[in-house]
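Input: a single structure, listed below in structure tokens.
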Amino acid sequence: MGHMGQAGHIHVVGGGLAGLTAAITAAESGARVTLHEGHRALGGRARTTEGPYLANEGPHALYHRGPLCTWLARRDLFGPVVSVPPLEMLRFRFRRAGALRKLPPAALLRLSRRNPRTAPVDSGFLEWGTGQVGEEGARAAANFVAAALFHHDPGTLSARFVQERLHRLASLP
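What follows is the structure, encoded as structure tokens:
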């Protein structure tokens with residue numbers, strides 16, 4: 000991320016979200032900072048393509064109540080949030096038992112509302128979730144959060160870690 004050159008001068012390589020966060024935090028701490036970026040625009044994989052169809056170039060997302068949103072808001076760098084209009088939510092579909100459904104499994108919703116601090120750090124998500132809402136609901140929740148975690152089997156990860164992400168994912172702004 001950064002390399003200390005001369006005293007008090009930090010070089011940050013990469014102007015993506017992590018690089019920008021590091022550069023701003025270091026500058027706020029009083030260091031002189033040089034940010035090195037190889038692309039013509041900042042943003043890293045969080046950049047959006049140009050043209051008539053907009054697409055995100057990478058997997059970055061700003062989750063409601065996530066640490067990056069909090070960090071940005073403290074520095075007045077977080078603009079207005081666009082909520083999903085209630086009528087648009089009627090278009091959401093969930094694949095369950097080989098069919099598209101309008102509603103997610105009720106157990107997934109119940110589990111997503113649980114405070115992440117109630118989930119143990121030293122237990123797997125599937126094990127903990129099964130005790131909370133049953134195996135089918137816990138598996139549905141693990142599958143729901145898999146893409147956001149970039150992990151093929153989130154049920155094996157720490158229950159607290161996965162529950163924090165599930166809670167954020169299910170909290171639309």
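Per numbering that gives the first Met the number 0, the sequence shown runs over residues 0 to 172.
For each residue, glycine too, the CB sits at the ideal point set by N, CA and C.
Treat the numbers as computed from the prediction; the structure is a model and nothing was measured.
Is there contact between the segment 107-116 and the segment 72-92, where contact requires at least three CB pairs shorter than 8 angstroms? no
Output needed for Val32: all residues of its chain with C-beta closer than 7 angstroms, excluding positions within five of it in sequence on either side, in chain order. Ile9, Val11, Ala22, Ala25 and Ala26
Within 10 angstroms of its Cβ, does Glu163 collect 16 or more other Cβ (buried), or is it exposed? buried
How far does the alpha helix (DSSP H) with Leu61 in it extend, from its first residue to its last? Looking at the DSSP string, Leu61 is not in any alpha helix (DSSP H), and its letter there is neither H nor E.
Do Phe143 and Pro103 have their C-beta atoms closer together than 9 angstroms? yes
Using DSSP with H/G/I as helix, E/B as strand and the rest coil, what is Leu53? coil
Pick from Thr20, Pro119 and Leu148 that is closest to Thr69, judged by C-alpha positions: Thr20
Close Cβ partners of Leu53 (< 7 angstroms) along its chain, the five nearest in sequence each way excluded: Thr47
Residue ranges of each beta strand (DSSP E) within the segment 82-128, 3 or longer: 93-95 and 98-100
Collapsed DSSP secondary structure at His166 in the structure displayed: helix
What number of angstroms, rounded off, separates the C-alpha of Trp127 from the C-alpha of Ala141? 11 angstroms
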